[in-house]
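J.: This is the structure I have questions about; it appears just below.
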Amino acid sequence: MAKSAQQPITTGIQPMSKPPYWRRPLTLILTIISSLLIALFIHYPFASYSSILPFSALSQESDLSGSPSALKHQGQPCPLPTTRYSIHTGQAACYPSSGGIWVSELDALELQYLGIDRFSSTERPDVPKEEEDAFCHKLRLFGGGWYNPNHEGRDLNVGGECHALDEFDPIVSIVRKIGVPSDENDEGVWVLDVDKNTGIFPDGIIAVRNALSMDERVQA
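My numbering puts the sequence shown at residues 925 to 1144.
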């Protein structure tokens, strides 16, 4: 019996043909664009916060000194000190006719010697300039610092905010303790300076601070 010839089985599915020549570059371009978009999407949440610096000071890269907000407050006048003595800071001030403000931090004995109320703040008295200059001469004996702010206080304005005078470095600074003897025939004064290398007083400063009178201070 002769074998019958087998017929090929057809599935109706055409073999996959290669994409046309013009589609290959287009597919590659679309793949690259999709990759870039995905990378940008992943990076974007971090990039949106990277421009916010966790510092209050202005950096060189983001100088806002010319912004409308900064220009609005730039150079605005600030009130100058008018106190003779502040119970909050322990500082006394004088206002010499030559200009500027001299500020000294005083203890109880020094306040008593200068005739300043030790228990309350006082304003600068309305006295002739000669009397104020004489007081300044006494106050400078106890050291302190000399400041020379603008007469309108504009240089006390930093970053749109007014700052206290003692927040700035004085032009002249003297640190020392003095004792004035009560003997009218003794024209000298006793002076204790800080160490030039360390900038602090020697160990004997405790005895000086414990003195209850100028005579005791001189003998300490």
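Each residue gets a CB set at the ideal place from its N, CA and C atoms; glycine is no exception.
Could you check whether V1099 and L1116 sit closer than 8 Å to each other, using their CB atoms as the reference points?
T.: Result no, Cβ atoms of L1116 and V1099 do not sit closer than 8 Å.
J.: In whole angstroms, give me the CA-to-CA distance for H1087 and D1107.
T.: For H1087 and D1107, the distance between alpha carbons rounds to 43 Å.
J.: Taking R1078 as the reference, which of L1089, L1063, W1070 and G1068 has the closest Cα?
T.: With distances taken between Cα atoms, R1078 lies closest to L1089.
J.: Please report the residue range of the beta strand (DSSP E) in which C1018 lies.
T.: Unbroken beta strand (DSSP E) run through C1018: Q1015 to C1018.
J.: When the Cα of N1134 is compared with those of G1024, P1052, F1092 and D1031, which residue comes out closest?
T.: That would be D1031, whose Cα lies nearest to the Cα of N1134.
J.: Quick check: the stretch 1016-1030 against the stretch 1050-1061, are at least 3 beta-carbon pairs closer than 8 Å?
T.: Segments in contact, yes.
J.: Where W1070 and R1008 are concerned, what is the direct C-alpha to C-alpha distance, given to the nearest angstrom?
T.: C-alpha separation (whole angstroms): 15 Å.
J.: Please report how far the alpha carbon of E1085 lies from the alpha carbon of E1091, in whole angstroms.
T.: Whole-angstrom Cα-Cα distance: 12 Å.
J.: Please state whether DSSP places I1095 in a helix, a strand or coil.
T.: In this structure, I1095 counts as coil in the three-state DSSP scheme.
J.: Going by the beta-carbon positions, is the gap between V1113 and L1038 smaller than 8 Å?
T.: Contact: no.
J.: Considering just the uninterrupted stretch of the beta strand (DSSP E) at V1115, what are its terminal residues?
T.: V1115 -> beta strand (DSSP E) spans W1114 to D1117.
J.: Hey, out of S1010, N1074, Q1143 and T1013, whose CA is closest to V1104's CA?
T.: Comparing Cα positions, the closest option is Q1143.
J.: Given this structure, state the Cα-to-Cα distance separating G1068 from D1139, to the nearest angstrom.
T.: Going from the Cα of G1068 to the Cα of D1139 covers about 22 Å.
J.: Any idea what DSSP makes of I1102, helix, strand or coil?
T.: In this structure, I1102 counts as strand in the three-state DSSP scheme.
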